[in-house]
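Novice: The structure is given below, and queries will be raised subsequently.
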Amino acid sequence: MERRSFLKRAVTVLAGRSGLKWATNLLGGAFATLLGIPAVGYLLDPRNRPTAAGAFKRVGRVSELTENVPKAAVIRDIRLDAWTLHPNDVIGRVWLIRRPGEDENGLPKVDVYTTICPHLGGSINFEEKSQCFVCPLHGATYDSQCRRVGDETLGHANPAPRDMDSLEFQLIPDPNNDGD
């Protein structure tokens, strides 16, 4: 008897406008769920996650560096734009400078600087004749130690706001085991 009254009430609730409202809400929820599945999949897809922050990239061998002679190097990695995967693409450039002596760990002293000028973001070049780094955009000039050259030394205003930006780096043993 109790079951019959429950079914009767259920049929009464589903009949008319309240039943239509209930069915509309059910269908709306189902459509929202179906439309939300791709969005959740996109957010959880590991291909859309950035690579490990601070991941170091191999740029060269210490044995190829001459003391106090800047060497330009490229940073290569996988670059992904909206639909295209670019393997081994140039993602940046750096200046490598081997300094005399060794650090406290017995490793060669090496400095790594970005090639991007802190003044306007131009590409810094090394001029062998003057032994200076120069940005061709507005003549921002840095000495061989990558320090901003003073206005009095240049004879005109140096637009560089600060020294060249040094980069964090790590020396690792060569997997080919040739000593560097």
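Residues in the sequence shown are numbered from 9 upward in steps of one, following our numbering.
Quick reminder that beta carbons are idealized off the backbone N, C-alpha and C, glycines included.
1. Using only alpha-carbon positions, find the residue among Asp151, Val67, Trp91 that is nearest to Ala81.
2. Compare the C-beta of Thr92 against all C-beta atoms of chain C and say whether one is closer than 8 angstroms.
3. According to DSSP, is Arg25 helix, strand or coil?
4. For a minimum of 3 consecutive residues, which ranges assigned as the beta strand (DSSP E) are wholly contained in the segment 90 to 176?
5. Please determine whether the Cβ atom of Arg156 lies at a distance below 7 angstroms from any heavy atom of the ligand MG.
6. Under 8 angstroms between the Cβ atoms of Arg106 and Val118?
7. According to DSSP, simplified to helix, strand and coil, what is Ile180?
8. Which of helix, strand or coil does DSSP assign to Leu35?
9. With DSSP as the reference, label Ala81 as helix, strand or coil.
10. Please report how far the alpha carbon of Val77 lies from the alpha carbon of Leu88, in whole angstroms.
11. Compute the Euclidean distance between the alpha carbons of Gln178 and Gln139, then round it to the nearest angstrom.
Specialist: Looking at the atomic coordinates:
1. The shortest Cα separation from Ala81 among Asp151, Val67, Trp91 belongs to Val67.
2. The question asks about chain C, but that chain is absent: this structure has only one protein chain.
3. Here Arg25 sits in helix by DSSP.
4. Here the runs fully enclosed are 93 to 110, 116 to 122, 133 to 135, 140 to 142.
5. By its list of ligands, the structure shown contains no ligand whatsoever, and the ligand MG lies outside what it can speak to.
6. It is a contact, given that the beta carbons lie within the stated cut-off.
7. Ile180 falls in the coil class under three-state DSSP.
8. Residue state, collapsed to three classes: helix.
9. DSSP places Ala81 within a strand segment (E or B) once states are collapsed to three.
10. Straight across, the Cα-Cα distance linking Val77 with Leu88 is about 34 angstroms.
11. Straight-line spacing of the CA atoms in Gln178 and Gln139 works out to 26 angstroms.
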